[in-house]
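Going by the UniProt record's numbering, the first residue of the sequence shown is number 1, and it counts up by one from there. Structure first, then comments.
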Amino acid sequence: MAAFMDGLTIEVFGNGQDAVGNTMNDGNIIIHGHAGDVIGYGMRGGSIYIKDSVGYRVGIHMKEYKDKVPVIVIGGNAGDFLGEYMAGGCIIVLNLKNDEDIVGEYCGTGMHGGVIYLRGDVEDYKLGKEVIKEEIDDRDYVFIQKYVENFCQYFDYDFQKIMDHSFVKLYPIGKRPYGNMYA
């Protein structure tokens, strides 16, 4: 659904399939349920809001394009390889039910751009070796506030309850972690 989307708004009153927002350029997707694997693959603009959890490899190869910053906001948790090879953009995982680990293993593997925000903490062994973890600062708080406000508006959550919790951010150590492997 919404492959190559460029400027529309799609609202799904149910669950989303695999590969929602593949190579999305602009617009908004709002999913009132869970979503499958590979959400936002190659996404380069627009926003995807998912009320509940997502599967594996969400945000793989996301990248910014010109003035566009792709954003995925997940209300539940995420499976393995979240943000794999991410080159730009932002993923926010809220883990609102707090009933499982916030992310699976290999989070941020190959990441060389962008940022992942997690509401709560993640054990270091679940992170790819290419990322650094630290608590958010005031600039991060201001940045994610807009997207969390949208999430709360779409899904009828209390903004302050969500934001009255600690967040960490994951960002890449370098810009081309596998550059030495290519000619």
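Quick reminder that beta carbons are idealized off the backbone N, C-alpha and C, glycines included.
Query	Result
For a quick check, are the C-beta atoms of Ala-87 and Gly-108 less than 8 Å apart?	no
Ends of the alpha helix (DSSP H) at Ile-162?	159-163
Quick one: grab the DSSP three-state call for Val-93.	strand
Hey, quick one: how far does the beta strand (DSSP E) through Phe-155 stretch, first residue to last?	First-last for Phe-155: 138-155, but that is the alpha helix (DSSP H), not the beta strand (DSSP E).
Would you call the CB atoms of Pro-70 and Met-43 closer than 8 Å?	yes
Who are the Cβ neighbours of residue 184 in its own chain at under 6 Å, not counting the five residues just before and after it?	The requested residue 184 is not part of the displayed model; the chain covers only 1 to 183.
Could you say which of Ile-132, Lys-146 and His-165 lies nearest to Ser-174 if we only look at CA atoms?	Note that residue 174 corresponds to Gly in the displayed sequence, not to Ser. It is Ile-132.
Considering only C-alpha positions, which residue in the set Val-38, His-34 and Asp-67 is nearest to Ser-53?	His-34
I need the boundaries of the beta strand (DSSP E) containing residue 190, first residue and last residue.	Outside the displayed span of the chain (1 to 183) sits residue 190, for which this structure offers no information.
Can you give me the start and stop residues for the beta strand (DSSP E) that Leu-170 sits inside?	167-172
For the stretch 113-131 against the stretch 79-86, are there 3 or more C-beta pairs whose distance is under 8 Å?	yes
What does the alpha-carbon distance come out to for the pair Lys-169 and Asp-137?	9 Å
Quick check: what's the CA-CA separation for Phe-151 versus Ala-3?	22 Å
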